[in-house]
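Reviewing the structure listed below.
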Amino acid sequence: MNPDMLPFDEALSTLLAKARPIREMEMVDTLVAHGRVLAADVRSPIAVPALDTSMMDGYAVRTCDVPAAGTRLPISQRIPAGSVGTTLQPGTVARIFTGAPLPPGADAVVMQELCEHAGDEVVINHAPRAGEAMRAAGSEIAGGDVVLPAATRMRAQEIGLAASVGIAQLAVIRRMRVALFSTGDELVMPGESLPPGGVYNSNRFQLRVLLEQLGCAVTDFGIVPDQLEATRAVLRAAAEGHDLILTSGGVSVGEEDHVKPAVQAEGSLDLWKIAMKPGKPLAYGHVGAAAFIGLPGNPVSSFVTFLLMVRPFILATQGAASVIPKALTLRADFDWPRPDRRREFLRARINESGAVEIHGNQGAAALSSIVWAEGLADIPAETPIRKGEMIRFLPYGQLLC
Numbered sequence: 001m002n003p004d005m006l007p008f009d010e011a012l013s014t015l016l017a018k019a020r021p022i023r024e025m026e027m028v029d030t031l032v033a034h035g036r037v038l039a040a041d042v043r044s045p046i047a048v049p050a051l052d053t054s055m056m057d058g059y060a061v062r063t064c065d066v067p068a069a070g071t072r073l074p075i076s077q078r079i080p081a082g083s084v085g086t087t088l089q090p091g092t093v094a095r096i097f098t099g100a101p102l103p104p105g106a107d108a109v110v111m112q113e114l115c116e117h118a119g120d121e122v123v124i125n126h127a128p129r130a131g132e133a134m135r136a137a138g139s140e141i142a143g144g145d146v147v148l149p150a151a152t153r154m155r156a157q158e159i160g161l162a163a164s165v166g167i168a169q170l171a172v173i174r175r176m177r178v179a180l181f182s183t184g185d186e187l188v189m190p191g192e193s194l195p196p197g198g199v200y201n202s203n204r205f206q207l208r209v210l211l212e213q214l215g216c217a218v219t220d221f222g223i224v225p226d227q228l229e230a231t232r233a234v235l236r237a238a239a240e241g242h243d244l245i246l247t248s249g250g251v252s253v254g255e256e257d258h259v260k261p262a263v264q265a266e267g268s269l270d271l272w273k274i275a276m277k278p279g280k281p282l283a284y285g286h287v288g289a290a291a292f293i294g295l296p297g298n299p300v301s302s303f304v305t306f307l308l309m310v311r312p313f314i315l316a317t318q319g320a321a322s323v324i325p326k327a328l329t330l331r332a333d334f335d336w337p338r339p340d341r342r343r344e345f346l347r348a349r350i351n352e353s354g355a356v357e358i359h360g361n362q363g364a365a366a367l368s369s370i371v372w373a374e375g376l377a378d379i380p381a382e383t384p385i386r387k388g389e390m391i392r393f394l395p396y397g398q399l400l401c
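Position 34 of the sequence shown, counting from 1, maps to 34 under UniProt numbering, and the rest follow consecutively.
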């Protein structure tokens with residue numbers, strides 16, 4: 001490996017160590033908390049279930065009244081979900097439905113398939129045990145329990161849980177404020193005529209969506225010309241009121257790559273060459289109080305470095321408890337006989353046999369490959385892979401949620 005390049009794990013650890021967690025919080029409606037990070041523990045104000053509850057349609061009984069299968073008892077009441085019955089009198093049963101609370105005195109439910117309805121009576125063809133086919137009050141959640149700890153990142157399931165215990169608002173870390181711009185005189189916006197040598201600006205679109213999926217508030221500064229003074233001016237403006245400046249393009253060392261000298265002039269910069277493919281050039285530094293990350297201009301490189309480097313940095317800045325994606329260990333359904341000196345992240349997916357297959361075009365500009373893929377095959381540096389060997393696979397489900 002080139003000694004000028006940082007190993008991937010070392011670069012990521014260094015980047016995460018530089019993240020400055022946001023401390024400010026705000027209250028938001030639970031319904032719109034998707035992607036936000038909790039600033040405080042969420043405690044349940046109620047027990048779940050609040051009362052002993054039937055797990056199925058059947059008959060609520062006192063087990064002492066059903067000593068053996070074949071017992072016949074009168075039906076004294078009917079309790080649908082949403083209703084509360086009266087005390088169950090000895091020697092009677094209550095017709096009950098899934099989710100309904102058991103009447104006081106009942107200590108079990110017999111499913112209707114084990115019973116024979118006979119007018120106002122029922123024959124119980126099963127001798128139940130106390131607690132059978134019911135959920136005891138507080139058996140899932142006790143009142144006052146922490147149901148969601150601080151630093152939890154809210155997904156649909158966490159939002160559902162908060163709503164299920166009656167939480168209408170949540171204390172969350174304020175949105176991370178991100179300034180976004182692209183550099184390159186060749187860039188053209190979709191909808192405009194494409195001149196000779198022009199390239200439509202896909203990075204602006206995919207990076208903005210990725211940021212917004214992470215709950216960031218994005219200020220889009222558009223396309224910046226390949227001019228040093230123009231880049232410096234935008235950096236100064238972007239540093240005002242933002243936690244992060246994120247750019248694509250211009251972080252290499254070409255004559256038209258002005259981001260590096262512009263950041264050095266306006267702030268401080270560590271330009272990392274990371275031993276990863278795609279995505280070797282990654283710039284990190286500060287402009288004013290804002291962190292700066294510069295991504296490569298090639299759209300696949302930009303996408304992959306965002307998922308593997310920027311996403312964990314943003315989550316760490318938001319105070320999330322979990323920032324590193326979890327990999328699967330799966331069988332390779334491909335040969336990779338000529339590995340790179342850098343750690344490689346190949347566009348890949350799981351085939352019908354449960355093995356990992358890779359896209360035929362692993363070029364850094366082949367955006368169609370990341371659409372085809374379901375994740376990234378993680379190939380160690382200088383490590384040839386033979387079909388049938390076990391490899392690490394990072395599914396998009398871990399990288400895009």
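We put the CB at the ideal spot given by N, CA and C, even for glycine.
Q) Once you ignore the five residues that flank Asp335 on each side, which residues in its own chain have a CB closer than 7 Å to its CB? A) Ile385, Arg386, Lys387
**Q.** Same chain only: Cβ atoms within 7 Å of Glu344, ignoring 5 sequence neighbours per side
**A.** Lys277, Ile379
Q.
Looking at the strands, I want to know which residues DSSP matches up with Leu180.
A. Asp220, Leu246
Q) Leu102 and Gly82: beta carbons closer than 9 Å? A) no
(Q) If the criterion is Cβ atoms closer than 9 Å, does the pair Asp257 and Thr317 meet it? (A) no
Q | Contact between the stretch 206-222 and the stretch 178-187 (3+ Cβ pairs under 8 Å) | A | yes
Q. With distances taken from CA atoms, which of Arg174, Val172, Val147 is nearest Ala163?
A. Val147
Q) For residue 402, which residues of its own chain have a beta-carbon under 7 Å away from its beta-carbon, when the five flanking residues on both sides are left out? A) No information on residue 402 is available, as it lies outside the stretch 1 to 401 that the chain covers here.
**Q.** Residues that Thr53 bridges to, as DSSP identifies them
**A.** Pro101, Arg135
Q: Could you pull out every residue in the same chain whose Cβ sits closer than 6 Å to the Cβ of Pro104, ignoring the five residues on either side in sequence?
A: Thr87
(Q) Please report the distance separating the alpha-carbon of Ser369 from that of Glu212. (A) 23 Å
**Q.** Beta-carbon proximity list for Leu315, same chain, < 6 Å, skipping 5 on both sides
**A.** Val323
Q: Could you tell me whether the Cβ atoms of Ile173 and His34 are closer together than 9 Å?
A: no
Q. When you compare only the Cα positions, how much space is there between Gly215 and Val32?
A. 10 Å
Q: With distances taken Cα to Cα, identify the nearest neighbour of Phe292 among Ser268, Thr305, Thr98.
A: Ser268
Q. In chain order, which beta strand (DSSP E) runs of at least 3 residues are fully inside the stretch 276-320?
A. 281-287, 290-295
Q: Quick one: residues in its chain with C-beta nearer than 7 Å to the C-beta of Lys326, no 5 flanking neighbours on either side, listed in chain order?
A: Gln398
Q) By the 10 Å Cβ neighbour count, where 16 or more other Cβ atoms means buried, how is His117 classified, buried or exposed? A) exposed
Q: Quick one: residues in its chain with C-beta nearer than 6 Å to the C-beta of Arg204, no 5 flanking neighbours on either side, listed in chain order?
A: Ser182
Q: Give the DSSP bridge partners of Lys273, in chain order.
A: Met5, Pro281
Q | Reduced DSSP secondary structure (H/G/I, E/B, other) of Val371 | A | helix
Q) Can you give the beta carbon distance from Ala133 to Gly58, rounded, assuming they're within the 8 Å contact cut? A) 7 Å
Q: Have a look at Ile75 and Thr92 and give me their C-alpha separation to the nearest angstrom.
A: 6 Å
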